[in-house]
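Number of protein chains: 2
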Amino acid sequence: MLTQERKRYLLQVLKQQGKLEAKAVAAELGLSDDTIRRDLRELAAAGMLQRVHGGALPKSPAEADLDARKSIASGSKQEIGKTAAGLIKPDQVVIVDGGTTAMQLVKNLRQDQKNTIVTHSPTIAVALSPYPLITVIMIGGTLFRHSMVNIGAATVEAASHIHADTFFMGVTGVDVKAGLSTGDLEEAYVKRALSLRAADTIVMASSEKLQVASPYVVMPLEKASGIVLEKNTSSPFKKLMKQSGLDVFVGGKNNERKGHVL
Amino acid sequence: MLTQERKRYLLQVLKQQGKLEAKAVAAELGLSDDTIRRDLRELAAAGMLQRVHGGALPKSPAEADLDARKSIASGSKQEIGKTAAGLIKPDQVVIVDGGTTAMQLVKNLRQDQKNTIVTHSPTIAVALSPYPLITVIMIGGTLFRHSMVNIGAATVEAASHIHADTFFMGVTGVDVKAGLSTGDLEEAYVKRALSLRAADTIVMASSEKLQVASPYVVMPLEKASGIVLEKNTSSPFKKLMKQSGLDVFVGGKNNERKGHVL
DNA sequence: CACGCTTTTGCATATATTTGCACGTTTCTT
DNA sequence: AAGAAACGTGCAAATATATGCAAAAGCGTG
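Respectively, the protein sequence lines represent chains A and B.
Letter by letter, the first sequence follows residues 125 to 386 of the working numbering.
Letter by letter, the second sequence follows residues 125 to 386 of the working numbering.
Given below as structure tokens:
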């Protein structure tokens with residue numbers, strides 16, 4: 125690979141991803157870290173990018189073509205949201221939980237996606253409004269500000285009238301012993317109720333949620349059908365999930381569901 | 125994640141959310157609190173934000189793009205919203221319709237206002253979330269994008285379990301002969317249902333809605349208890365309203381309700 | 001093709017930065 | 001006033017960086 129070609133590639137990565145990690149690119153191109161660092165140093169001297177410890181960033185934040193709102197999410201949640209969105213098949217009826225990870229799922233839907241999405245989060249409902257082919261059904265209740273979801277008896281009751289294919293659930297704790305857990309009792313009830321209304325429940329969990337037990341248990345791990353994880357989740361943990369009977373989905377791969385009917 | 129990238133992220137959070145809690149961000153990014161605190165300290169030293177105990181705030185309050193939308197509203201709707209908000213008494217349970225005028229009502233609530241607000245609009249629910257003392261109850265249903273309100277049988281059914289003091293209703297047509305009307309049949313049903321669940325129904329109508337008949341009738345004028353109008357509405361029209369038995373409220377005046385029990 | 005020259009690349013070493021933790025202090029809450 | 005939470009500082013381990021150097025590859029000239 126030519127040096128100049130490589131430099132152009134670096135700038136392209138920067139524009140496309142909004143950031144660049146020297147070590148990762150070096151590994152990707154099969155070169156030493158030093159070489160990439162040298163390139164970055166030179167590009168920075170030429171004013172083409174801003175050199176930072178560990179890699180580089182666009183000279184001005186605005187220069188990334190990323191949707192500003194998308195980039196506000198930590199890369200990990202964005203990755204999980206994208207993977208989860210990819211699991212939704214045309215014309216399915218899915219329930220989408222509240223929370224930032226679920227929000228990333230919404231942001232990663234395709235404009236031409238045709239589905240019915242049920243949610244008990246007004247924030248998610250508002251975020252869904254730009255997608256013309258998606259029918260949005262809201263479940264009411266008492267608004268719980270902390271997570272911006274509706275909770276309470278009314279929510280559980282309203283959910284009982286729904287039958288969905290998949291429930292995409294966010295939790296704050298995923299642990300083999302403690303199961304799936306969250307920080308609020310009412311929220312746990314609602315998540316459980318929603319899970320019962322869907323043929324499959326798929327958990328979305330970024331790394332900081334793993335092997336953590338929150339105060340209120342939603343359900344044991346085995347009750348879920350699958351889990352979406354970050355690509356770089358440790359293999360032992362992925363294995364644990366599989367041993368609990370869950371399908372494991374990570375970004376990048378071709379995620380064909382097997383073992384469960386969608 | 126790169127250090128500088130994280131700092132940009134912190135600033136972005138601050139701009140978008142108007143505040144930042146160190147601990148919450150640390151958990152979200154899977155880093156120690158110390159690291160975030162260090163970042164905030166450095167950003168504060170660089171004058172990029174204001175450090176406060178527990179997190180950070182934008183350097184100048186104006187820098188949050190929060191209230192940006194408030195100023196977009198036409199003066200007339202803002203005026204009507206303010207007048208309507210002033211009619212809400214402490215601890216009342218009120219139903220708030222969807223739409224831009226209702227949004228102005230929300231924006232004009234006081235931070236220390238203590239009420240229960242019922243709404244079938246996810247947009248309104250989200251807008252209400254910054255008011256700590258307001259209990260928000262959402263009525264679910266199928267999202268009708270055009271007005272960002274939930275409609276359909278589920279909405280009407282859920283409404284039937286509510287008893288409120290006042291319903292603040294938006295309509296697209298107010299006419300003595302045609303009554304109160306709107307542009308969508310389902311929306312009309314919902315408005316009617318909500319009206320029946322409140323002791324009083326107060327209509328919010330900016331000048332362009334007056335003496336206009338929209339396709340679907342919500343109810344005759346006399347069924348409403350009051351109407352909020354712009355200050356400079358023609359006196360004959362105000363008189364017509366009074367003759368139909370409605371209390372007329374306009375901005376600036378001391379709006380004491382009389383003739384109807386709140 | 002041989003030769004010297006330049007460029008590029010990877011390595012070794014020394015230096016700098018980042019990060020999490022421990023500990024004592026300050027600030028908030030009740 | 002007491003307890004909890006957040007804070008700053010110093011420190012050590014991990015990581016990233018700059019620099020000098022040498023090997024390898026590319027280049028032009030004769």
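Using N, Cα and C, we set each Cβ at its ideal position, and we do this for glycine too.
A quick note: this is a predicted structure, and the numbers were derived from the prediction, not measured.
Outcome for residue i when other beta-carbon atoms lying within 10 angstroms are tallied against a minimum of 16
i	result
A/Glu311	buried
B/Asn232	buried
B/Val176	exposed
B/Asn356	exposed
A/Leu173	buried
B/Ala192	Any reading at B/Ala192 must be qualified, since the residue scores a pLDDT of 47, below 50, and its modelled position is unreliable; no value is offered.
A/Pro339	exposed
A/Gln235	exposed
B/Leu370	buried
B/Thr305	Looking at the sequence shown, residue 305 of chain B is not Thr but Ser. Buried.
B/Gly205	buried
A/Met125	exposed
B/Ala146	buried
A/Ala249	buried
B/Glu152	buried
A/Asp163	buried
Residue i to residue j span [Cα, whole Å]
i	j	result
A/Arg161	B/Arg132	22 Å
B/Leu257	B/Gln237	6 Å
B/Tyr255	A/Ala251	21 Å
A/Arg269	B/Lys366	40 Å
A/Glu354	B/Thr127	20 Å
A/Leu138	A/Gly179	10 Å
B/Gly154	B/Ala148	10 Å
B/Leu318	B/Leu309	14 Å
A/Thr243	B/Pro182	32 Å
B/Ser284	B/Arg321	7 Å
A/Met272	A/Gly210	24 Å
B/Ala282	A/Ala278	8 Å
A/Ser203	B/Val280	Note on residue identity: the sequence assigns Glu, not Ser, to residue 203 of chain A. Straight-line Cα distance between these residues: approximately 39 Å.
B/Ser156	B/Gln141	21 Å
B/Pro214	B/Gly307	33 Å
A/Val260	A/Ser253	8 Å
A/Val374	B/Val352	54 Å
A/Val372	A/Glu332	17 Å
B/Thr207	A/Ile263	31 Å
B/Leu135	A/Arg165	26 Å
B/Arg130	B/Ala150	11 Å
A/Leu345	A/Ala337	12 Å
B/Asn239	A/Ala323	39 Å
A/Ala170	A/Ser184	15 Å
B/Ser368	B/Ile286	27 Å
Reference residue i, options the options, closest by Cα
i	options	result
A/Met343	A/Glu203, A/Tyr313, A/Ser245, A/Gln136	A/Tyr313
A/Lys349	A/Pro339, A/Phe291, A/Ser338, A/Met262	Per the sequence presented here, residue 349 of chain A reads as Ser, with Lys not at that position. The option with the nearest alpha carbon to A/Ser349 is A/Phe291.
B/Ala288	B/Ile241, B/Val352, B/Arg165, B/Lys362	B/Ile241
A/Asp299	A/Asp215, A/Thr225, A/Pro360	A/Pro360
A/Leu167	A/Gly375, A/Glu152, A/Pro246, A/Leu144	A/Leu144
B/Pro246	B/Asn274, B/Thr225, B/Thr224	B/Asn274
A/Arg316	A/Leu334, A/Val352, A/Gly276	A/Gly276
B/Ser200	B/Ala302, B/Gly171, B/Thr225	B/Thr225
B/Gly303	B/Ala323, B/Gly265, B/Lys347, B/Thr266	B/Lys347
B/Val341	B/Ile212, B/Lys301, B/Gly265, B/Asp158	B/Lys301
Extent of the continuous alpha helix (DSSP H) to which residue i belongs
i	result
B/Tyr340	No alpha helix (DSSP H) holds B/Tyr340; the beta strand (DSSP E) holding it covers 340-343.
A/Met227	224-231
B/Ile160	157-169
B/Gly199	199-210
B/Met401	Past the edges of chain B, shown from 125 to 386, lies residue 401 of chain B, and the structure says nothing about it.
B/Val336	Premise fails: B/Val336 is in no alpha helix (DSSP H) and is neither H nor E.
A/Leu153	146-153
Span of the beta strand (DSSP E) around residue i
i	result
A/Thr240	239-243
B/Ser330	Segment: none, B/Ser330 is in no beta strand (DSSP E) and carries neither H nor E.
B/Arg175	174-176
B/Ser305	303-306
A/Met293	288-294
A/Ile248	Not the beta strand (DSSP E): A/Ile248 falls in the alpha helix (DSSP H), residues 246-252.
B/Val372	371-374
A/Ala180	179-181
Inter-stretch contact (C-beta, 8 Å, three-pair minimum) for the region 325-338 of chain B and the region 277-296 of chain B: Touching, per the Cβ criterion.
Three-pair Cβ contact test at 8 Å for the region 218-230 of chain B versus the region 218-230 of chain A: The region 218-230 of chain B makes no contact with the region 218-230 of chain A: fewer than 3 CB pairs, one atom from each, lie closer than 8 Å.
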